[in-house]
Amino acid sequence: TTWRKNKAAIIWEGEPGDSRTLTYAQLHREVCQFANVLKQLGVQKGDRVGIYMPMIPEAAIAMLACARIGAPHSVVFGGFSAEALRDRLIDAKAKLVVTADGGWRKDEIVPLKERVDQALANNAVPTVQNVLVVERTRQKIHMEPGRDHWWHDLQKSVSTDCPAEPMDSEDMLFILYTSGSTGKPKGVVHTHGGYNLYTHITTKWIFDLQEKDVYWCTADIGWITGHSYIVYGPLSNGTTTVMYEGAPRSSNPACFWDIIEKYSVTIFYTAPTAIRSLIKMGEHLPQTRNLSSLRLLGTVGEPINPEAWMWYYKVIGGDRCPIVDTWWQTETGGIMITPLPGAIPTKPGSATLPFPGILADVVDSEGNSVKDNEGGYLVIRYPWPGMMRTIYGDPDRFRRNYWEYIPPKDEQYVYFAGDGARRDEEGYFWIMGRVDDVINVSGHRLGTMEVESALVSHPAVAEAAVVSKPDELKGEDIVAFITLETKYISSEELSQELKQHVVKEIGAIARPGEIRFTDALPKTRSGKIMRRLLRSIVTGQEMSGDTSTLEDRSVLEKLRETKVSNL
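This note's numbering applies: residue 1 is where the sequence shown begins, and numbers increase by one.
Here it is as structure tokens:
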């Protein structure tokens, strides 16, 4: 129906090596069929649909089909447990679940359908009436008669035409759950009009989209980055977007670089944690692939330390690709602070300037703007199209967490992002991490990112995570958890060397009180370090809050036994 109908919309690569390309015409046809299957199973405008899928095209198709008929989707990351899935389905009051028999992740099959069965056992989610199953891995699974249906069976009998449901701009498009420190995940609500407008324009401007671009964001669609910058943003711009089912692993550490070479990817958007992992795998892997198609690089999810930024720029970008270091959140819907390539000079480690139309500020606890280079709370002063509308089913929590944390000035409320930041004399923003990741040592506010960057700049350090612990003299002291490069061995001498290195890089105020060497750090399934768990270990407190996102629970036991150096 458009001049782009024969253009590739989604290029998909499976972890075992299978692949598939969907043109815009094919994507439209499959979305309409999927929408008609949902309607055939009784899904109506306003009904919530749970999506628990691997990174396959049907995941994006299911999201778009829900949007087409006005049924808000709630995507749950395929790495989550049955318990985490159950909690989210209950909160969303989902009517139907879309899943697959399984998916591939690091050479193993993830038993998605089995987990859905566990989540729904004993009528634990009474609102769910049907489960729609996509065949991916073809392993044997249980199909509950009357409840479970194969997608490929129902697809055969439905029309390829499904007119889009007329929607109000403020109708709910989706609910996406993000973990909260209080235990219960927050169901962030985004709407049709504002969210789609904002993801469209931010994708177009920030990634400087051109008609021939092949764009690849390595996130999972279970996260907001996958929603905004794999599905809605790129596709609304008519871009070719790449989806990859797997991740770099011991059997295929160069898979990212192989995909860039194979599909001539021009724009590459990934997380600093992934970059640091790729650094550890060695420069020889990307250097033996042809990455000349790349013209723009991006980072997302957390602040990037300058050392990783420079490696990314030099080794992957060949000293020629601009890097857009982006700051935003599930709650903001799209990118908020970012350089515009070619228009805004970058500084390694800085997210640079707010996106046009965004008025960001750094304030103290009373809501007063702070001076340049003073740390404070990052806030947004005026509304923007992509902002969350509420926490599903909990408007009081929405108001309390985001709008009342910082007291209003002259009856003007500000959006509190939960992050600490500083703004330099040129107006550039430096994200200091979550407010609970800002350490106050003897009255000096130190960002965990700043101390971690200093540690990682030492050749022995592969990764670093910094937290605080109470100190009678200083108020708070710094504890650093360190993973070493393979050729280094932990020792008291190295510990003292690292402490002195931080003093040299930042100053005596930032000298860690403790260094703890460890083989691994507790991370979410999206790669973010869970510092609050490290804080619990340091302070001897019981683990609290939501831990459903923790990738490897065995890491916690090992961390409790870590060698401590506090000389």
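The beta carbon of each residue, even a glycine, is placed where N, CA and C say it ideally should be.
| Asked | Found |
| --- | --- |
| Coil, strand or helix - T196 by DSSP | Checking the sequence shown, residue 196 turns out to be Asn, not Thr. DSSP places N196 in helix when its eight states are reduced to three. |
| Unbroken alpha helix (DSSP H) run spanning M281, endpoints | P272 to M281 |
| Inter-residue spacing [alpha-carbon to alpha-carbon] between F576 and I431 | Residue numbering for the chain in the displayed model covers 1 to 567; residue 576 lies beyond these limits and cannot be assessed. |
| Euclidean distance between Cα positions of S569 and V97 | As displayed, the chain neither begins before 1 nor continues past 567, which places residue 569 out of reach and without an answer. |
| Short Cβ contact (7 Å threshold) for I509 with S495 | no |
| Endpoints, the alpha helix (DSSP H) within which N130 is located | It is not in any alpha helix (DSSP H) - N130 instead sits in the beta strand (DSSP E) that spans N130 to V134. |
| contact_flag[the region 349-357, the region 212-225] where n(CB pairs < 8 Å) is 3 or more | no |
| Three-state class that DSSP yields for F207 in the structure shown | coil |
| For E450 and G376, the rounded distance between their alpha carbons | 14 Å |
| Limits of the unbroken alpha helix (DSSP H) element including P591 | Limits of the chain in this structure are 1 at one end and 567 at the other, which puts residue 591 out of reach. |
| F429 and I337 closer than 7 Å at C-beta | yes |
| Coil, strand or helix - V555 by DSSP | helix |
| Residue from E245, V134 and S250 whose Cα sits closest to the Cα of I259 | E245 |
| DSSP three-state assignment for C217, whether helix, strand or coil | strand |
| Inter-stretch contact at 8 Å, needing at least 3 Cβ pairs: the region 477-492 / the region 460-467 | yes |
| Cβ shell of N6 (< 8 Å), same chain only, five flanking positions each side left out | T23, Y24 and A25 |
| Pairwise C-alpha distance: R105 and I175 | 25 Å |
| For P72, the nearest candidate out of I90, Q44, Q541 and D101 (CA to CA) | Q44 |
| N- and C-terminal bounds of the alpha helix (DSSP H) containing R516 | First-last for R516: E514 to F517, but that is the beta strand (DSSP E), not the alpha helix (DSSP H). |
| Alpha carbon of S74 to alpha carbon of V131, nearest angstrom | 14 Å |
| Span of the beta strand (DSSP E) around T23 | S19 to T23 |
| Beta-bridge partners of T524, as assigned by DSSP | L550 |
| Classification of A59 by the beta-carbon crowding that lies within 10 angstroms, buried from 16 upward | buried |
| Residues that T191 bridges to, as DSSP identifies them | M172 |
| Beta carbon of G333 nearer than 7 Å to that of H190 | yes |
| Buried or exposed by the 16-neighbour rule on C-beta atoms within 10 Å, applied to I489 | exposed |
| For G183, the three-state DSSP class (helix, strand or coil) | Its pLDDT being 49, under 50, G183 is placed unreliably in this model, and the value from its coordinates should be taken loosely. Residue state, collapsed to three classes: coil. |
| Counted within 10 angstroms of its Cβ, other Cβ atoms place G183 as buried (16 or more) or exposed | Unreliable positioning characterises G183 in this predicted model, as indicated by a pLDDT of 49, which lies under 50. A coordinate reading is not provided. |
| Backbone secondary structure at Y392 - three-state DSSP | coil |
| Y313 beta carbon less than 7 Å from that of I275 | no |
| Reference S81, options S292, G298 and L550, closest by Cα | L550 |
| Beta-ladder partner(s) of H28, from DSSP | According to DSSP, which records beta bridges pairwise, H28 is partnered with nothing at all. |
| Reference R88; option with closest CA among L559, I201, F355 and T178 | T178 |
| contact_flag[the region 35-52, the region 266-280] where n(CB pairs < 8 Å) is 3 or more | no |
| Cβ contact check for the region 340-348 and the region 395-403: 3 or more pairs under 8 Å | no |
| For G420, the three-state DSSP class (helix, strand or coil) | strand |
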